[in-house]
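Numbering of the sequence shown is given in UniProt numbering, commencing with residue 1 and proceeding in unit increments.
All C-beta atoms, glycine included, are put in the ideal place defined by N, C-alpha and C.
These notes are about the structure you will find just below.
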Amino acid sequence: MYLYFKNKSFFLLIILFYFFIYIIINDMYYLKKIIDIKKKYLVAYSGGLDSTVLLHKLFLLRESGFVRFIRAVYVNHGISINADDWEYHCIQQCKNWNIPLVLLNISLNGKGNLEAELRYKRYSIMCKILIKEEILLTAHHLDDQCESVLLALKRGSGLSGLSAIREKMYFNNYHLILRPFLFITRKELKFWAEFYNLVWVEDFSNNDIRYDRNFLRHKVIPILLKRWPFFSRSCFISAKHCKNEKYLLNYFIDLELKKYLFYDGSLNISSFFHMDFILCNAILKRWIEYHKIKFFSRSFLNKLYNEVIMSSLDSNPKLKIFKYEVRRYRNIIYLIKIFPSLKNLILLWNKPWNICYLPYSSGILLVDSKGFSLRKPNYDEEVNIRFEVYGEYYIFGRKHKRKIKKLWQEFNIPPWMRNRIPLIFYNNMFISALGVFVTIDGYCNINCWKISMKLNK
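See the structure below:
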């Protein structure tokens, strides 16, 4: 009987040994599949277990010739009293492996969601140092994915939130980020680290269950895994389904969006009054995302629908979102950047009339061969640009004077744009509302002066 149990124990040890060898080989095989020898890689390195294993695997791939160029980056956010010690650890480890290390610092304003702010600033500063064809790698693993799915459920998130952490994403639609460990558990990473005698740092704040993620990690998920051992992998699969369904939904909503979208990014809402509320909100959501704005709430979309879309036709509603405003004029809505009034501003544009930079980075003016035709200024006329004009004027092609307010209305210029359009004056003579109309004092048919205008949103 003793021999039987002894042999059984030995047999189990053999199985476990080969199982872990399989994990090591399989993990490296997957990493080799996603790593391109022609690319450069920047590893987000904190000194913790996960990023230490990732950096070590990249180190082994480099030593084997599967990758040529790797760097690491450590971001010190100064929250922990141990941050400087962790930084020193990362410096020493990278020296041992002959891996260039970039040290960065960020500061937090302490307002709102600290975790979200920290995450955004960390990615922002890391992506700023990416060089050409360099890819950022992070060590998020299967346990992180499971926690993220549960947190999304707790918040009542939709498909976007339930998609959780993506294996591949573009930060700010430009910088590529890969997460090669998303299907690997922390236990598997720890086995790798112990197998190779790696040294890592521990952040003991991760044990503080006052934070939701830590509470799930230490109190909830172990119970779920005890009952359902493959629960984490099921979360991974569900997140992938949500991601695919979100992609499919966005594809069809984008087809609807294109029906109402103008070339300047404004949106025709004349059909929205009789449209199903859910479809209408979905189009509005994609329109906001079209303008590269993220992290807006469901309550914002409801306000946009109730206070802007459904407002009376003669109203002039507006709704602020970060540094922008959604404005409505007639049956069109616009997303515009907020900046101070330009009413009392006068810009002198002196010879030789090089690029004229409009205030608050709102755009530029330049003389070229493709712009709006105006008569050339006389030698005694000084060109100046204003943003406010009053009175009545003759414009080219009209017999009678018209009040400036009526002209703006005839040309369908929204009220907030009327003090943003550059107005060209020669001395005190009104020449043109650039891109809208030319007065009879500015008309030209031969040897014209041409001005191009490029306005930023």
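Contact check, residue i vs residue j, beta carbons under 8 Å
i      : j      : result
Val190 : Leu49  : According to the sequence as given, residue 190 is Lys; it is not Val. Cβ distance < 8 Å, so Lys190 and Leu49 count as in contact.
Asn76  : Asn105 : yes
Asn331 : Ser270 : yes
His140 : Leu182 : yes
Ile451 : Leu365 : yes
Tyr74  : Leu103 : yes
Glu392 : Lys403 : yes
Phe62  : Leu42  : For clarity, residue 62 is Arg in the given sequence; the question names Phe instead. The answer is no: Cβ separation not under 8 Å.
Ile253 : Ile278 : no
Ser362 : Asn456 : yes
Ser163 : Ala239 : yes
Cys235 : Val326 : no
Leu108 : Leu101 : no
Asn303 : Leu319 : The question names Asn, but residue 303 in the sequence shown is Lys. Yes; because the gap between Cβ atoms is below 8 Å, this pair is in contact.
Tyr260 : Asn268 : yes
Residue i in three-state terms, based on DSSP
i      : result
Cys444 : coil
Thr439 : strand
Leu130 : coil
Glu325 : strand
Glu392 : strand
Leu319 : strand
His175 : strand
Tyr74  : strand
Asn82  : coil
Ala351 : The question names Ala, but residue 351 in the sequence shown is Lys. Looking at Lys351 - three-state DSSP - the assignment turns out to be coil, as it is neither helix nor strand.
Asn306 : helix
Leu455 : strand
Ser51  : helix
Tyr45  : coil
Lys57  : helix
Leu151 : helix
Tyr426 : strand
Asn344 : coil
Asn281 : helix
Gly265 : coil
Trp287 : helix
Lys121 : helix
Phe66  : coil
Ser163 : coil
Ser312 : coil
Spatially closest choice to residue i from the options, by CA coordinates
i      : options                        : result
Leu178 : Ile451, Ile34, Gly442, Trp349  : Ile34
Trp287 : Leu301, Lys376, His140, Cys90  : Leu301
Glu167 : Glu392, Ser297, Met275, Lys243 : Lys243
Tyr174 : Trp192, Tyr260, Ile131         : Ile131
Leu407 : His291, Asn428, Val436, Tyr426 : Val436
Tyr170 : Cys280, Glu307, Leu136         : Leu136
Arg233 : Gly156, Asp143, Phe296         : Asp143
Lys337 : Arg119, Cys90, His291, Lys303  : His291
Phe396 : Gly156, Leu54, Glu381, Cys444  : Cys444
Ile129 : Lys40, Lys454, Leu345, Val438  : Lys40
Tyr45  : Val201, Leu257, Tyr247         : Val201
Residue i to residue j span [Cα, whole Å]
i      : j      : result
Cys94  : Val199 : 12 Å
Leu423 : Lys294 : 34 Å
Ser160 : Gln145 : 14 Å
Leu358 : Glu388 : 14 Å
Gly47  : Ile81  : 15 Å
Ile385 : Cys356 : 10 Å
Ser64  : Lys285 : 47 Å
Glu289 : Asn306 : 19 Å
Ile209 : Leu216 : 8 Å
Ile440 : Met275 : 46 Å
Phe372 : Ile446 : 13 Å
Ser432 : Gly78  : 55 Å
Tyr211 : Glu147 : 12 Å
Lys38  : Phe69  : 9 Å
Lys193 : Glu134 : One detail in the question is off: residue 193 reads as Ala in this sequence, not Lys. Ala193 and Glu134: Cα-Cα distance of roughly 26 Å.
Asn281 : Phe411 : 30 Å
Asn378 : Gly442 : 11 Å
Asn206 : Met126 : 23 Å
Arg420 : Thr52  : 53 Å
Arg227 : Lys219 : 14 Å
Ser297 : Phe322 : 12 Å
Phe262 : Ile333 : 10 Å
Arg375 : Trp449 : 6 Å
Leu60  : Phe66  : 9 Å
Met453 : Lys121 : 34 Å
Pro415 : Asp85  : 57 Å
Tyr394 : Asp264 : 29 Å
Closer than 7 Å: residue i CB and nearest the ligand GTP heavy atom
i      : result
Tyr379 : In the structure shown, the ligand GTP is absent, as is every other ligand, since no ligand is present at all.
Neighbour flag for residue i against chain D, beta carbons, 8 Å
i      : result
Trp349 : Protein chains in the displayed structure number just one, and chain D is not present.
Mind pulling the alpha helix (DSSP H) runs of 4 or more residues that sit fully within the segment 187-251?
As far as the segment 187-251 is concerned, its whole alpha helix (DSSP H) runs of at least 4 residues are 212-215, 221-227.
Identify every run of the beta strand (DSSP E) within the segment 363-422, keeping only runs that are complete inside it and at least 3 residues long; order them along the chain.
Segments of the beta strand (DSSP E) lying fully in the segment 363-422: 363-374, 383-386.
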